[in-house]
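To keep things clear, I will list the structure first and then write my remarks on it.
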Amino acid sequence: MSLALPTLAHAQDENPAGEPAAETEEERAARARALFAEGVTHTRGEAWADAVTAFRAALALRDAPAIRYNLAAAEVELGAHREADTNLRALEAAPDTPDSLRELAAALRERMDREAARLRVERAPELADTRVALDEVPLSQEALDEDVYVEPGPHVVEATRGARSVARVSIRAEAGERTRVYLGVGAAPEVVVADPVVTPTATPLHEEWGFWVAVGGGVLLVVGIVIVAIAVGGGSTDPVRGNFEPGVLSWP
5 MSLALPTLAH
15 AQDENPAGEP
25 AAETEEERAA
35 RARALFAEGV
45 THTRGEAWAD
55 AVTAFRAALA
65 LRDAPAIRYN
75 LAAAEVELGA
85 HREADTNLRA
95 LEAAPDTPDS
105 LRELAAALRE
115 RMDREAARLR
125 VERAPELADT
135 RVALDEVPLS
145 QEALDEDVYV
155 EPGPHVVEAT
165 RGARSVARVS
175 IRAEAGERTR
185 VYLGVGAAPE
195 VVVADPVVTP
205 TATPLHEEWG
215 FWVAVGGGVL
225 LVVGIVIVAI
235 AVGGGSTDPV
245 RGNFEPGVLS
255 WP
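With the sequence shown counted from 1, adding 4 to any position gets you the working numbering.
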């Protein structure tokens, strides 16, 4: 008994707080894979909020174009076009994004352009030091130089300097329109509708062929990964893939 005490004390010194061991890369990948599959399952039931939650959790574990596309697609169904735009931009910028996925992303962006409204907020040079907010949410400098997706309906753009408002405009954005908002000093802000209205499509994303090709690829490859795990556990060193179409959106 006395011989075991030093060993126990030494073990306690190595992990005095009783903290769990750090998660391995394989464990993180397994969790991300499970969350990805969960998100795909939610899309089948049109539980878009649950799908977004699952895909965001998977993305936090592994940043990959396929995850971002599925997340963006679910966000579009919820009307969260600004969030979807962020994910599509990251997907488009990633060098490892396959062409087939870029095509699906382009089709999704076309739908966003029809169903959402876009604002381009610009400010006069004398307002360069101001803080610009859209619906009380600050816009970054990058966002001031490009279109921002918003939901159709009323919006407020305001430039402040400290606690003082120096320019403010209320607008109503319409689906399919691209509106330019120019903030200046000493004059009413300028609001110009730059693009004509495009009639939005009434087809939900889950009914569009491209979406289900993408999601279907994800389901099939998730099955393939399960087979790989079983095969490797049984001693095989060769990957065993499911019967899925290569190049279609799948587990990354």
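Even for Gly, the Cβ is constructed at its ideal location relative to N, Cα and C.
Would V154 be called buried (16 or more neighbouring beta carbons within 10 Å of its own) or exposed?
To locate residue 154, count along the sequence shown from 1; it is residue 150. Taking all protein chains in view, the Cβ of V154 is crowded by 16 or more other Cβ atoms within 10 Å, so the residue is classified as buried.
Relative to the alpha-carbon of P129, which residue among A163, E96, G180 has its alpha-carbon at the smallest distance?
Position 125 of the sequence shown, counted from the first residue, corresponds to residue 129. For the residues A163, E96, G180, the minimum Cα distance to P129 belongs to A163.
CB-CB under 7 Å to A62, same chain, minus the five flanking residues each way: which ones, in chain order?
Within the sequence shown, numbered from 1, the residue matching residue 62 stands at position 58. Here the set comprises A36, L39, F40, G43, I71.
Looking at the secondary structure, which residues open and close the beta strand (DSSP E) in which E50 lies?
The sequence position of residue 50 within the sequence shown is 46, counting from 1. E50 -> no beta strand (DSSP E), and no H or E assigned at all.
L82, buried or exposed, once every other Cβ within 10 Å from all chains shown has been counted against 16:
Within the sequence shown, the letter at position 78 stands for residue 82. Taking every protein chain shown into account, the CB of L82 has fewer than 16 other CB atoms within 10 angstroms, so this residue is exposed.
List in chain order: all unbroken beta strand (DSSP E) runs of 3+ residues lying wholly within the region 80-137.
Considered as a whole, the region 80-137 harbours 121-127 as its complete beta strand (DSSP E) runs of no fewer than 3 residues, in chain order.
Between L123 and N74, what straight-line distance do the alpha-carbon atoms span, to the nearest angstrom?
Along the sequence shown, one-based indexing puts residue 123 at 119. Along the sequence shown, one-based indexing puts residue 74 at 70. Their Cα atoms are separated by approximately 25 Å.
Cβ shell of P259 (< 6 Å), same chain only, five flanking positions each side left out:
Because the chain spans 5 through 256 in this model, residue 259 falls outside it and cannot be assessed.
Identify every residue that forms a DSSP beta bridge with S174.
Translated into the one-based positions of the sequence shown, residue 174 becomes position 170. Looking at the DSSP output, S174 bridges to V160.
If I measure Cβ to Cβ from V170 and keep anything under 7 Å in the same chain, skipping five residues before and after, which residues do I get?
On the sequence shown, position 166 is the one that residue 170 refers to. By the criterion of a C-beta distance shorter than 7 Å, V170 is surrounded in its chain by L131, T134, A163, T164, V189, once the five residues flanking it on both sides are discounted.
Exposed or buried, what is L209 when buried is set at 16 or more other beta-carbons lying within 10 Å of its beta-carbon?
Looking up residue 209 in the sequence shown gives position 205. Residue placement at L209 is flagged as unreliable, the pLDDT there being 44, under the threshold of 50; the coordinate-derived value follows with that caveat. A residue is called buried when at least 16 other Cβ atoms come within 10 angstroms of its Cβ; L209 meets this threshold and is buried.
Any idea if D2 is buried or exposed, counting beta-carbon neighbours within 10 angstroms, 16 or more meaning buried?
A question about residue 2 goes unanswered here, because the residues of the chain that appear run from 5 up to 256.
Output yes or no for whether 8 Å exceeds the beta carbon distance between T47 and A78.
The count along the sequence shown starts at 1 and reaches residue 47 at position 43. The count along the sequence shown starts at 1 and reaches residue 78 at position 74. Between T47 and A78, the gap from beta carbon to beta carbon is short of 8 Å.
Taking Cβ to Cβ, would you say R115 is nearer than 8 Å to V152?
Stepping through the sequence shown from its first residue, residue 115 is reached at position 111. Stepping through the sequence shown from its first residue, residue 152 is reached at position 148. For R115 and V152, no; Cβs fall outside 8 Å.
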